[in-house]
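Everything on this sheet refers to the single structure shown next.
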Amino acid sequence: MSGFFVGRDAVLLTYGPENQGLCVRRIDLEASEFGHMACRIEDAMQFLYVYGGTMVCQINQETQELRPGEGFFINSGNAYRFTGSGKGGCEFSLISMDPSYIGGTQESLIMEKYVNPLKGSADFPWMKLERSYTPQEEILEFLRGIVETASAKDTGYELELRSLTERVWVRLYREFCRLCPKRTRPQQKEAEKLRTMLGYLHDNYREKITLSAMAEFAGVSSGEYCRFFKKHMGQTPFEYLQTYRIEQSVPELVGKLGKITEIALHHGFTGSSYYAETFKKEMGCAPGDYRKWYRREIDGHCPLSCKGQIQPKEEVRQAPRRQESMPAHLL
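For any residue, its number in my numbering is found by taking its place in the sequence shown, counting from 1, and adding 33.
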């Protein structure tokens with residue numbers, strides 16, 4: 034799963050120019066593989082479907098638990114990560130859609146009318162998909178269809194994938210227009226502040242970063258920066274930075290026989306000893322042990338340690354209920 038996050042049993046189902054803009058993955062994570070993912074911020078929209086087990090998804094400063102048969106939409110530009118729920122592993126699909134895959138060029142009518150208003154909307158950062166509401170159940174079935182079609186790759190499957198994604202988007206757009214609640218200004222400001230903080234760390238993680246530089250970029254004091262970051266991320270800025278550095282190093286660690294020293298220096302560590310020490314503290318095992326397990330050179334369960342799980346917060350933002358067909362809540 035190069036360039037993403039730890040997960041040995043992850044299968045990329047779409048690739049090549051014929052599916053440019055659509056990335057479909059089927060992922061099976063052991064319990065110990067959860068909790069090591071740092072937040073990501075992407076332009077593509079993300080759709081999840083859970084087949085088995087449970088997971089907790091963090092989006093900006095909010096968290097939600099997903100169970101089998103449920104799904105999730107994450108709008109572009111929002112910080113997100115997956116962590117276990119403390120109930121074992123989880124098998125799920127992750128579908129990334131670039132806006133251009135749905136709308137074509139920026140000048141097209143589809144992009145202008147149906148994609149741009151929804152893309153990155155501060156009022157619609159995420160939505161939970163549940164079977165208790167028919168439009169969301171239809172989206173879930175189409176997501177399953179996308180994964181099945183990408184897996185089978187029958188003749189003309191690329192056309193079928195495009196048809197299924199358009200059906201997903203039609204129903205998502207209707208939900209956006211009909212059910213989207215207005216977020217409060219404080220919620221919008223907090224989400225934007227968190228994205229600013231994370232974006233700076235992601236862009237500069239290979240460099241030596243001081244707390245004063247982090248705070249200056251975010252336009253707050255050092256004390257406020259630390260308090261805000263710890264409140265929303267559950268760890269200090271430097272703890273998160275080390276998590277992100279380790280995660281970014283994993284594809285190189287497992288993908289080729291690179292020297293540990295080279296990998297360490299490339300990802301902001303001062304040397305191989307410090308990298309190995311940080312890796313073991315963060316992941317629970319030595320880099321070499323994880324590399325061997327990932328490559329199936331040794332048998333047994335994943336040597337990673339189970340990190341403390343993020344529990345979903347009580348829902349504080351709900352759409353006003355309708356008597357007939359209102360979904361329970363939006364993510």
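Ideal placement from N, C-alpha and C gives every residue a C-beta, glycine not left out. Note that the coordinates shown come from a computational prediction; the quantities given were computed from them, not determined experimentally.
Starting from residue i, follow the alpha helix (DSSP H) in both directions and report where the run begins and ends.
i: Gln53; result: Unbroken run through Gln53: none, as it is neither H nor E.
i: Glu66; result: Where Glu66 is concerned, there is no enclosing alpha helix (DSSP H), given that its DSSP letter is neither H nor E.
i: Ala185; result: Thr167 to Ala185
i: Leu197; result: Tyr190 to Leu212
Can you look up residue i in the DSSP assignment and give me helix, strand or coil?
i: Thr294; result: helix
i: Pro322; result: Here the sequence assigns Asp to residue 322, which means Pro is not the residue at that position. If DSSP states are grouped into helix, strand and coil, Asp322 belongs with the helices.
i: Leu231; result: helix
i: Met70; result: coil
i: Lys152; result: coil
i: Lys314; result: helix
i: Lys222; result: helix
i: Arg355; result: Note that Arg355 scores 33 on pLDDT, short of 50, meaning its location in the model is unreliable and no value can be drawn from it.
i: Gly36; result: Only weak support is given to the placement of Gly36: the predicted model assigns it a pLDDT of 46, under 50, and the value that follows is read from those uncertain coordinates. Correct three-state label for Gly36: coil.
Terminal residues of the continuous beta strand (DSSP E) containing residue i?
i: Pro162; result: Note on residue identity: the sequence assigns Leu, not Pro, to residue 162. Looking at the DSSP string, the run of the beta strand (DSSP E) that includes Leu162 is Trp159 to Leu162.
i: Glu95; result: Glu95 to Leu99
i: Asp332; result: First-last for Asp332: undefined, no H or E at that position.
Identify every residue that forms a DSSP beta bridge with residue i.
i: Gly85; result: Glu124
i: Cys90; result: Gln97 and Phe115
i: Leu45; result: Arg58
i: Gln79; result: Ile107 and Ser129
With residue i and residue j assumed to form a contact (beta carbons below 8 angstroms), what rounded beta-carbon distance in angstroms separates them?
i: Leu55; j: Gly40; result: Actually they are not in contact, since the Cβ atoms of Leu55 and Gly40 sit about 20 angstroms apart, beyond 8 angstroms.
i: Arg26; j: Gln91; result: Because the chain here runs from 34 to 364, residue 26 falls outside it and cannot be looked at.
i: Pro168; j: Glu208; result: 6 angstroms
i: Glu171; j: Arg211; result: No, Glu171 and Arg211 are not in contact; Cβ-Cβ is about 14 angstroms, not under 8 angstroms.
i: Leu99; j: Thr87; result: 7 angstroms
i: Cys335; j: Glu66; result: 6 angstroms
i: Val57; j: Ala183; result: 4 angstroms
i: Met160; j: Ser109; result: The Cβ separation is near 13 angstroms, so there is no contact.
i: Gln281; j: His300; result: 5 angstroms
i: Gln126; j: Arg59; result: Looking at the sequence shown, residue 126 is not Gln but Ser. About 5 angstroms separates the two Cβ atoms, so the contact holds.
i: Lys313; j: Phe261; result: The pair is not a contact, with the Cβ atoms about 29 angstroms apart (cut-off 8 angstroms).
i: Leu286; j: Arg324; result: 6 angstroms
i: Val180; j: Leu46; result: 7 angstroms
i: Val83; j: Cys123; result: 7 angstroms
i: Pro101; j: Gly85; result: 5 angstroms
i: Gly136; j: Met144; result: 3 angstroms
i: Thr80; j: Leu151; result: The amino acid at residue 80 is misidentified as Thr; the sequence shows Phe. With 8 angstroms as the limit, Phe80 and Leu151 do not qualify as a contact, their Cβ atoms being about 13 angstroms apart.
i: Asn93; j: Ala185; result: Their Cβ separation, rounded to whole angstroms, is 36 angstroms, which puts Asn93 and Ala185 out of contact at 8 angstroms.
i: Tyr277; j: Tyr238; result: 5 angstroms
_Contiguous beta strand (DSSP E) assignments of at least 3 residues, all confined to the region 105-147_ = Listed in chain order, the complete beta strand (DSSP E) runs (minimum 3 residues) inside the region 105-147 are 112-117 and 123-130.
_Quick check for students: name the residue ranges of the alpha helix (DSSP H) that lie wholly in the region 234-312, counting only runs of 4 or more._
Entirely contained in the region 234-312, the alpha helix (DSSP H) runs reaching 4 residues are, in chain order, 244-251, 255-266, 270-288 and 293-299.
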